[in-house]
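Okay, so here's the structure we're looking at.
2 protein chains.
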Amino acid sequence: MDCGDLFNPDCPTRLVLDRIADKWTVMLLVLLSQGPMRFSALKRATGISQKVLAQTLRRLERDGFASRAVFATVPVTVEYSITPLGADLAETLEGLRLWSERHIGAVLAAQRDYDAAA
Amino acid sequence: MDCGDLFNPDCPTRLVLDRIADKWTVMLLVLLSQGPMRFSALKRATGISQKVLAQTLRRLERDGFASRAVFATVPVTVEYSITPLGADLAETLEGLRLWSERHIGAVLAAQRDYDAAA
DNA sequence: GTAGGGTGGTTACCTTGGGAAACCAGATAG
DNA sequence: CTATCTGGTTTCCCAAGGTAACCACCCTAC
Numbered sequence: 019m020d021c022g023d024l025f026n027p028d029c030p031t032r033l034v035l036d037r038i039a040d041k042w043t044v045m046l047l048v049l050l051s052q053g054p055m056r057f058s059a060l061k062r063a064t065g066i067s068q069k070v071l072a073q074t075l076r077r078l079e080r081d082g083f084a085s086r087a088v089f090a091t092v093p094v095t096v097e098y099s100i101t102p103l104g105a106d107l108a109e110t111l112e113g114l115r116l117w118s119e120r121h122i123g124a125v126l127a128a129q130r131d132y133d134a135a136a
Numbered sequence: 019m020d021c022g023d024l025f026n027p028d029c030p031t032r033l034v035l036d037r038i039a040d041k042w043t044v045m046l047l048v049l050l051s052q053g054p055m056r057f058s059a060l061k062r063a064t065g066i067s068q069k070v071l072a073q074t075l076r077r078l079e080r081d082g083f084a085s086r087a088v089f090a091t092v093p094v095t096v097e098y099s100i101t102p103l104g105a106d107l108a109e110t111l112e113g114l115r116l117w118s119e120r121h122i123g124a125v126l127a128a129q130r131d132y133d134a135a136a
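Chains as they are written, first to last, in the numbering used here: chain A, 19 to 136; chain B, 19 to 136.
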């Protein structure tokens with residue numbers, strides 16, 4: 019295990035980071051941390067395509083970040099909730115969301131400056 | 019400005035998050051936060067392809083996260099350093115790296131369980 | 001009846017983006 | 001005159017992602 023070296027491609031830590039550092043993963047985790055949600059609600063809230071939503075949710079489930087619950091209602095209801103592990107991660111990701119909100123102005127200004135120079 | 023609503027596709031905050039939540043961006047920012055680095059050093063350290071490295075660095079520069087300095091040595095030397103804005107972001111991202119290191123075991127265990135069930 | 005609608009998916013199909021490798025400019029070393 | 005080192009750009013290919021259609025399920029409306 020080449021752990022501790024994030025920059026070794028074979029390091030498991032890097033594999034985890036590769037998985038986490040994905041925009042849909044981040045958005046779904048932040049959403050689910052606010053409470054359980056159904057498939058179609060997640061789709062509407064994020065604008066993600068159905069295919070990728072299903073894929074991402076299955077990965078979240080496999081990685082132990084979310085759990086899937088099927089209810090035999092009519093029509094069938096599937097609810098996704100965050101796990102304790104996922105909630106822990108979501109707390110860290112929340113920092114990222116807050117950072118985006120706080121520094122959006124600085125980023126847009128930097129982009130304007132850069133584009134003006136070109 | 020539909021700010022404050024991360025889940026609105028037109029929200030600038032979401033645009034920033036989409037940009038940040040990328041594995042190469044995260045890795046380069048963490049690397050650069052440790053000190054300035056040259057193009058080829060970044061390439062060797064991460065294993066990123068040359069094309070995508072150049073693309074990602076240009077984006078980092080445009081967003082105000084990194085700065086590019088060319089030195090008229092022979093052969094020419096190009097050094098990338100982190101900006102104050104980038105350093106601020108890197109601090110937040112560092113939390114993500116630490117989380118990966120700390121919870122890698124739990125994630126791998128969850129994956130084993132999930133695969134065993136199938 | 002059967003046509004429609006709302007679930008949660010899966011399956012084509014196409015377009016985009018990333019990876020591998022070649023190429024390039026500029027200058028020096030051999 | 002070729003080789004090499006740098007930081008790129010270009011070319012090609014394949015694997016992601018998006019779009020849209022379809023499916024099974026069961027209910028309601030006609």
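All C-beta atoms, glycine included, are put in the ideal place defined by N, C-alpha and C.
Item to complete: Would you check if there are 3 or more beta carbon pairs closer than 8 angstroms linking the stretch 105 to 120 of chain A to the stretch 108 to 124 of chain B?
Response: yes
Worksheet item: Ordered along the chain, which non-local residues of its own chain (more than five positions away) have a Cβ less than 8 angstroms from that of B:V96?
Response: Excluding positions up to five away in sequence, the list reads R56, F57, R86, A87, V88, F89.
Discussion item. Run through chain A and tell me which residues come within less than 7 angstroms of B:T74, C-beta to C-beta.
Written reply: Simply none; closest approach about 12 angstroms.
Worksheet item: Going straight from the alpha carbon of A:Q129 to that of A:S99, what length do you get?
Response: 37 angstroms
Practice prompt. Give, in chain order, every residue of the stretch 90 to 115 of chain A whose Cβ lies closer than 8 angstroms to some Cβ of chain B.
Written response: For the stretch 90 to 115 of chain A, the beta-carbon criterion of a distance under 8 angstroms to any beta-carbon of chain B is satisfied by L103, D106, L107, T110, L111, G113, L114, R115.
Worksheet entry | Within chain A, partners of B:K41 - CB distance below 8 angstroms | L35, D36, A39, D40
Worksheet item: Using 8 angstroms as the threshold, is the stretch 25 to 33 of chain B in touch with the stretch 61 to 81 of chain B, meaning 3 or more CB pairs across them?
Response: no
Discussion item. Classify A:V125: buried if its beta carbon has 16 or more other beta carbons within 10 angstroms, exposed otherwise.
Written reply: buried
Discussion item. Residues in the same chain with beta-carbon distance under 6 angstroms from A:D40, minus the five sequence neighbours each way, listed in chain order, please.
Written reply: none
Discussion item. For a cutoff of 7 angstroms on Cβ pairs, would you count A:P30 as touching chain B?
Written reply: yes
Worksheet entry | Beta-carbon spacing of B:L116, B:V44 below 7 angstroms | no
Worksheet item: In whole angstroms, what is the alpha-carbon distance linking B:A134 and B:A84?
Response: 44 angstroms
Worksheet entry | Interface positions of the stretch 42 to 67 of chain B facing chain A (Cβ-Cβ less than 9 angstroms), listed along the chain | W42, T43, V44, M45, V48, L49, A63, T64, G65
Item to complete: Determine which residues of the stretch 116 to 134 of chain A have a Cβ less than 7 angstroms from any Cβ of chain B, and write them out in chain order.
Response: Within the stretch 116 to 134 of chain A, the residues whose Cβ lies closer than 7 angstroms to some Cβ of chain B are W117, S118, E119, H121, I122, A124, V125, L126, A128, Q129, Y132, listed in chain order.
Worksheet entry | Collapsed DSSP secondary structure at B:T95 in the structure displayed | strand
Worksheet entry | Span of the alpha helix (DSSP H) around A:F57 | 57 to 64
Discussion item. By alpha-carbon positions, which one of B:A127, B:R37, B:D131 ends up nearest to B:T74?
Written reply: Nearest option by C-alpha distance: B:R37.
Practice prompt. Compute the Euclidean distance between the alpha carbons of B:S67 and B:A127, then round it to the nearest angstrom.
Written response: 31 angstroms
Discussion item. Could you tell me the alpha carbon to alpha carbon distance between B:D20 and A:D131, rounded to whole angstroms?
Written reply: In this prediction, B:D20 has a pLDDT of 48, which is less than 50 and means its spatial position is unreliable; what the coordinates show is noted afterwards. Using only the alpha carbons, I get a separation of about 22 angstroms.
Fill in: A:D40 - partner residues in DSSP beta bridges
Residue pairing of A:D40 in beta bridges, as defined by DSSP: B:D40.
Practice prompt. Count the other C-beta atoms from every protein chain shown that fall within 10 angstroms of the C-beta of A:R76, then say buried if there are 16 or more, exposed otherwise.
Written response: The residue in question, A:R76, is exposed, as its Cβ has fewer than 16 Cβ neighbours within 10 Å.
Worksheet item: Are the Cβ atoms of A:G113 and B:G113 separated by less than 7 angstroms?
Response: A:G113 places its beta carbon less than 7 angstroms from that of B:G113.
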